[in-house]
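Those letters in the sequence shown? Residues 1 to 99, by UniProt numbering.
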Amino acid sequence: MSNSSDEPSQSSTETEKPERSLPDADGDAQPAEPVVDDTESEWKFAIDDVGPEAEAKREKERQESVLTRPIEPESVKLENAIFVVIGVALTVVLILTAI
């Protein structure tokens, strides 16, 4: 394949997406402008924000925040109390029938 001088050269930082055909008022397809994707040249994160070291740091911070939270007792709900009483009663019945 030969590279003719009539073809435009692309920059290494920009990539062209394929041209799309758009219908005009008569319904005929007209070629659209090529869409250029230049988002690769912009950094979204700092180097300290990505990578295995950053993931380990975030995981350590999550664990420390969970472990340092105080445990607060909640109020007893009637439904939960009934399940506990039924569970204890069934356990006692099973033990007594096994003897």
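Each residue gets a CB set at the ideal place from its N, CA and C atoms; glycine is no exception.
- Excluding sequence positions up to five before and after L96, its CB lies less than 7 Å from no other CB in the same chain.
- The three-state secondary structure of K57, taken from DSSP, is helix.
- In the three-state reduction of the DSSP assignment, P52 falls in the helix class, which pools H, G and I.
- Judged by DSSP in its simplified three-state form, E64 adopts helix.
- Assigned with DSSP and collapsed to three states, E72 falls in coil, not helix or strand.
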